[in-house]
Every structure is written in structure tokens, then in C-alpha cells.
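J.:
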Amino acid sequence: MSRMNGRNRKHLYQIISARDGEFCAMCGIVGSIKSLCIDHRDNNNRNNDPDNLQLLCRSCNTKKNPRGKAKPENESAEVETPRQSEEVRLKKKYEPMFRKWIDIQVQRYGRILLQDAVESGAEVTGASIQTIERYFRKMCSLSGKLKVVEVEGKKYVEFKEWWKK
Ligand SMILES: [Zn+2]
């Protein structure tokens, strides 16, 4: 792992999880700031460029960096494991699509109806309403960049303040 201090780590975690989602980049298991490690793709602990960072569960982090020894990037990245469930594979397919789409919508309109966002999101990505709702819960969680606001009894999604800056 790295030389990040706690505050720095938290900040980076927010950026990476808002970008990639709160799950292990290798096996897809869903996690949190407590269970996911910030991994340096190039194994250089000083390179804290967000492009070089990804979230890994402890088990995948250990597999990628056994006993802290650096391995070349090409040996470790994007290994499909047979025990990866159908759900995880689908999630990997839909989630980036959905995140990209919702980003564009919220940027364009500033605030969009939650109901609309869920239904159109499902329509656009091909995922089920339930799946889209799950993505929303993650994106509106503590480390996500979206929040739900209620205006005149209707629920809308918009970017959190720290993301707008
Ligand atoms: Zn993992």
C-alpha cells in the first residue's frame, strides 16, 4: 500500500469510488472505504495520480502485490476468474455505461427527476430498474458524487457540492 495519510486517502477514495464505483476493480465484489484498498496500478506507491489508482479488495490486492513485492502490470490486471458470478459480469457491463450516461444528464440539466433518471437509465443501458436503483444507491452514498433532493414533494438527483467544485 502507500504513503497516503488518512485525510489524503479519504479524499482519493471519494474520487476513485465516484469514478469507478465502490467495488473491487479485479473481482467486482462490492465494498466500502473500510474494506477496499487503494491500489497503484503501476505498483509505484508515489504515483498518486488518480489515473494510476483503483480500488481492490484485500484478497485481490494481496494477489496483485504478494507480500508487498511489485509485479509487472501485465501479469495482474483484468484477470477474469471463473467464480465471477453472472451478476458481477453484468454489473461490470452496465455500470460504466450508466455512470457515463447519468453524468451527462446531470451536467446538462443540473437536476433531474429521480424516477425519470431510473427509468431512462434502465432504457438506455438495458439493465433492470432494480439494477439501476442499486447504482443510484451507491452513487448517492456517502462517497458517491450524487445526492437526492426533494423539491415540492418530488425527488431529484444532482451533484454534491464537493463534486461541483
Ligand atoms: Zn477483489
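So that you can map any letter, position 110 of the sequence shown is 105 in the numbering used here, and since no number is skipped, the others follow by simple counting. For glycine and all other residues, C-beta sits at the position ideal for the given N, C-alpha and C.
How far does the beta strand (DSSP E) with Leu137 in it extend, from its first residue to its last?
T.: Counting from one through the sequence shown, the residue named residue 137 turns up at place 142. First-last for Leu137: undefined, no H or E at that position.
J.: For Asp34, tell me which candidate among Lys95, Arg14, Pro45 has the shortest Cα-Cα distance.
T.: The count along the sequence shown starts at 1 and reaches residue 34 at position 39. The residue with the shortest Cα to Cα distance from Asp34 is Pro45.
J.: Do you know how far the Cα of Gly148 is from the Cα of Asn40?
T.: In the sequence shown, residue 40 corresponds to position 45, counting from 1. In the sequence shown, residue 148 corresponds to position 153, counting from 1. Straight-line Cα distance between these residues: approximately 48 Å.
J.: Taking 7 Å as the limit between beta carbons, can you name the residues of its chain near Ser123, skipping five residues before and five after?
T.: For the purposes of this step, residue 123 is taken as the residue at position 128 of the sequence shown. For Ser123, where only same-chain residues beyond five positions count, the Cβ hits under 7 Å are Ala117.
J.: In angstroms, rounded to a whole number, what distance separates the CA positions of Leu48 and Trp96?
T.: Position 53 of the sequence shown, counted from the start, is the residue given in the question as residue 48. Position 101 of the sequence shown, counted from the start, is the residue given in the question as residue 96. For Leu48 and Trp96, the distance between alpha carbons rounds to 23 Å.
J.: Roughly how many angstroms lie between the CA atoms of Gln125 and Val143, to the nearest whole one?
T.: For the purposes of this step, residue 125 is identified with residue 130 of the sequence shown, where counting begins at 1. For the purposes of this step, residue 143 is identified with residue 148 of the sequence shown, where counting begins at 1. Each residue's Cα considered, the two are about 17 Å apart.
J.: Mind checking whether Ala13 and Leu50 have CB atoms under 8 Å apart?
T.: Counting from one through the sequence shown, the residue named residue 13 turns up at place 18. Counting from one through the sequence shown, the residue named residue 50 turns up at place 55. No, they are not a contact pair.
J.: Measuring only the C-alpha atoms, how far is Tyr8 from Lys159?
T.: The residue you call residue 8 lines up with position 13 of the sequence shown. The residue you call residue 159 lines up with position 164 of the sequence shown. If I take the Cα positions, the gap works out to 17 Å.
J.: Run through DSSP, which three-state label would Lys5 get?
T.: Residue mapping note: residue 5 aligns to position 10 of the sequence shown, counting from 1. If DSSP states are grouped into helix, strand and coil, Lys5 belongs with the helices.
J.: Taking only the alpha-carbon atoms, compute the straight-line gap between Phe131 and Val25 and give it to the nearest angstrom.
T.: On the sequence shown, residue 131 is found 136 positions in, with the first residue counted as 1. On the sequence shown, residue 25 is found 30 positions in, with the first residue counted as 1. Answer to the nearest angstrom: the Cα atoms are 14 Å apart.
J.: Quick check: the Cα distance between Ser54 and Ile28, rounded to an integer number of angstroms?
T.: If you number the sequence shown from 1, residue 54 lands on position 59. If you number the sequence shown from 1, residue 28 lands on position 33. Straight-line Cα distance between these residues: approximately 15 Å.
J.: Alpha carbons only, please: which of Val146, Glu145, Leu141 is nearest the one belonging to Phe154?
T.: On the sequence shown, position 159 is the one that residue 154 refers to. Measuring from the Cα of Phe154, the nearest candidate turns out to be Leu141.
J.: Excluding five sequence neighbours on each side, which residues of the same chain lie with their C-beta closer than 6 Å to the C-beta of Ile127?
T.: Counting from 1 along the sequence shown, the entry for residue 127 is found at position 132. If we look at Ile127 and ignore the five residues flanking it on each side, its Cβ neighbours are Val113, Gly116, Ala117.
J.: CB-CB under 8 Å to Cys32, same chain, minus the five flanking residues each way: which ones, in chain order?
T.: Here residue 32 refers to the residue found at position 37 of the sequence shown. Same-chain partners within the cutoff: Met(-4), Leu50, Leu51, Cys52, Arg53, Asn56.
J.: Distance, Cα to Cα, Glu17 vs Asp111?
T.: As a first step, residue 17 is located in the sequence shown; it is residue number 22 there, counting from the start. As a first step, residue 111 is located in the sequence shown; it is residue number 116 there, counting from the start. For Glu17 and Asp111, the distance between alpha carbons rounds to 24 Å.
J.: Would you decide whether Lys88 is buried or exposed? Buried here means 16 or more other CB atoms lie within 10 Å of its CB.
T.: Walking along the sequence shown from the start, residue 88 turns up at place 93. Per the 10 Å Cβ criterion, exposed.
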